[in-house]
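Each residue of the sequence shown is one higher than the one before, starting from 1 at the first, in our numbering.
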Amino acid sequence: MSSQVQSSDPRAKDQHASASERSPLEASAEAIHFLNSLGKEELQMLFFSETLAMVSNTGEPQGELTIEVQSGKLKDKFDVVSHYPFVHASCRGFMDKTICGNSVRGYLSWNLRTIEQHSQEFIKFHILPMERKMSLLKEEDQLVMNRSIKEGEEVKTEVTFIPWDSTVGFISEAANLLLLRVMAWRQMVPNNARFLALDTEGKLCYSTYQALGSQTIQVDRQQAEVFIVEQTVHSDQGIPTSCQFYLLSDGHLAKRIQVGSPSYCLITKMPSLREEDEMEPHPVFKKKPLMWEEDMELYSKFLDRKEQLRLSHTRYLQQHPDAQALISDFLLFLLLRQPADVVTFAAEYFGPFAMHRPPSPALRSSDRRSPFRTLHTESS
1 MSSQVQSSDP
11 RAKDQHASAS
21 ERSPLEASAE
31 AIHFLNSLGK
41 EELQMLFFSE
51 TLAMVSNTGE
61 PQGELTIEVQ
71 SGKLKDKFDV
81 VSHYPFVHAS
91 CRGFMDKTIC
101 GNSVRGYLSW
111 NLRTIEQHSQ
121 EFIKFHILPM
131 ERKMSLLKEE
141 DQLVMNRSIK
151 EGEEVKTEVT
161 FIPWDSTVGF
171 ISEAANLLLL
181 RVMAWRQMVP
191 NNARFLALDT
201 EGKLCYSTYQ
211 ALGSQTIQVD
221 RQQAEVFIVE
231 QTVHSDQGIP
241 TSCQFYLLSD
251 GHLAKRIQVG
261 SPSYCLITKM
271 PSLREEDEME
281 PHPVFKKKPL
291 MWEEDMELYS
301 KFLDRKEQLR
311 LSHTRYLQQH
321 PDAQALISDF
331 LLFLLLRQPA
341 DVVTFAAEYF
351 GPFAMHRPPS
361 PALRSSDRRS
371 PFRTLHTESS
């Protein structure tokens, strides 16, 4: 019968206390700047799947590694659906004739902060099989980490709460796979960048990346140029662990070597390398003068429209003789007075016809106000 242990030892409580009780580790400014420089369009160029074969140092097949990065949907507590990068990687094979494997599924923000991740690792020993599970989940202002270790029938669990502000620059397993693609795409590793990561015991520690230059390797009878990046996880309680990644120019992983491991992963088929789409400039169409008078069809339409308007105007004046009389009276009055300011004269002439204009006083001053100024009634 399995047993559940959750911080039953007082010393374990001290070891697995909230990260806020210890001196928090901080990522370097170079690492944070690199993550903040990531953009949605750049990451979407790195959405693809790949498969590598696991082989021993003697060339014997031992399993398979698949990595898939795509767009994923995630609901929050208000059932609002958002789109995030989704990383799914799985590895299954055997080591010393023992079946083993691991998998990771994670949702990341567009600057690679971990929103949710679930990972699993197992080794099916005949006597005492082992299984490790870990989940990371962002809840409010903290990152909750649940870990469980099952050895035989015994299960040990622990929960750790990490303040969300302390996870700036933290690179989880899922984020690491996408970060490596970014470095390959840019063909550079940020200098003096110190990220945060988790060691094998689930403790926050530092993680660094180093560019080891370029190399030509043979893939599927083809020569391929690869960019080599070495990641080192600096655990406080153990020796550092390093892994070398041989990356093609578009982010595909060609080879992965775990330093000290008796096996490695290798691509078996050369993929079609992706290139950044070049944006072609928008065509510029110069405006050409429209010589409509020389176009028989347009000139014919102009004459037809002109005749339609003439007949419409004539018909309207015939139906409203008062309009023609009013215009004729104004023109006659204008020619008799011949004012210097025609606009003001017209406003004064047509002003009394306005419906909302207050009635003019019976006795008006000879110095009349301009009709364009608001008349204010002077209080006595």
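Here a beta-carbon is modelled for each residue, glycine too, at the ideal position from N, C-alpha and C.
Given the structure is predicted, the values throughout are model-derived calculations rather than measurements.
- Residue range Ala29 to Asn36 is occupied by the alpha helix (DSSP H) that includes Asn36.
- Boundaries of the alpha helix (DSSP H) around Val342: Val342 to Phe350.
- When Cβ pairs closer than 8 Å are counted between the two stretches, the segment 184 to 199 is seen not to touch the segment 112 to 122, the count staying below three.
- Contact check between the segment 78 to 85 and the segment 93 to 100: fewer than three CB pairs, one atom from each, fall below 8 Å, which does not count as touching.
- For Thr314, the uninterrupted alpha helix (DSSP H) run begins and ends at Met296 to Gln319, by DSSP.
- For Gln44, the closest of Ser71, Met54, Glu50 and Thr66 by C-alpha to C-alpha distance is Ser71.
- Counting every other CB atom within 10 Å of its CB across the protein chains shown gives Tyr246 a total of 16 or more, marking it as buried.
- Beta-bridge partners assigned by DSSP to Asn146: Ser135 and Val159.
- Nearest Cα to Glu64 within the set Cys100, Glu42 and Leu35: Cys100.
- A straight line joining the alpha-carbon of Leu335 with that of Arg310 spans about 26 Å.
- Under DSSP, Gly169 forms no beta bridge with any residue.
- Approximately 19 Å separates the beta-carbon atoms of Val219 and Met183; this is outside 8 Å, ruling out the contact.
- The closest CA to that of Gln244, considering only Ala211, Pro262, Glu293 and Thr268, is found on Ala211.
- By alpha-carbon distance to Tyr264, the top candidate from Glu42, Glu275, Phe161 and Gly59 is Gly59.
- The beta carbon of Ser214 lies closer than 8 Å to those of Glu225, Val226, Phe227 and Ile228 in the same chain, with the five residues before and after it left out.
- Note on geometry: alpha-carbon atoms of Asp199 and Glu139 lie some 22 Å from one another.
- In this structure, the beta-carbon distance from Leu253 to Leu178 does not fall below 8 Å.
- DSSP places Ser71 in the strand class (E or B) of the three-state scheme.
- With fewer than 16 neighbouring CB atoms inside 10 Å of its own CB, Gly238 falls in the exposed class.
- Looking at the backbone, the Cα of Ala31 and that of Val155 are separated by about 37 Å.
- The beta carbon of Asp295 is closer than 7 Å to none in its chain, skipping five residues each way along the sequence.
- Under a 10 Å Cβ-count criterion, Leu290 is classified as exposed, with fewer than 16 other Cβ atoms of the shown protein chains found around its own Cβ.
- When DSSP states are grouped into helix, strand and coil, Arg186 belongs to the helix group.
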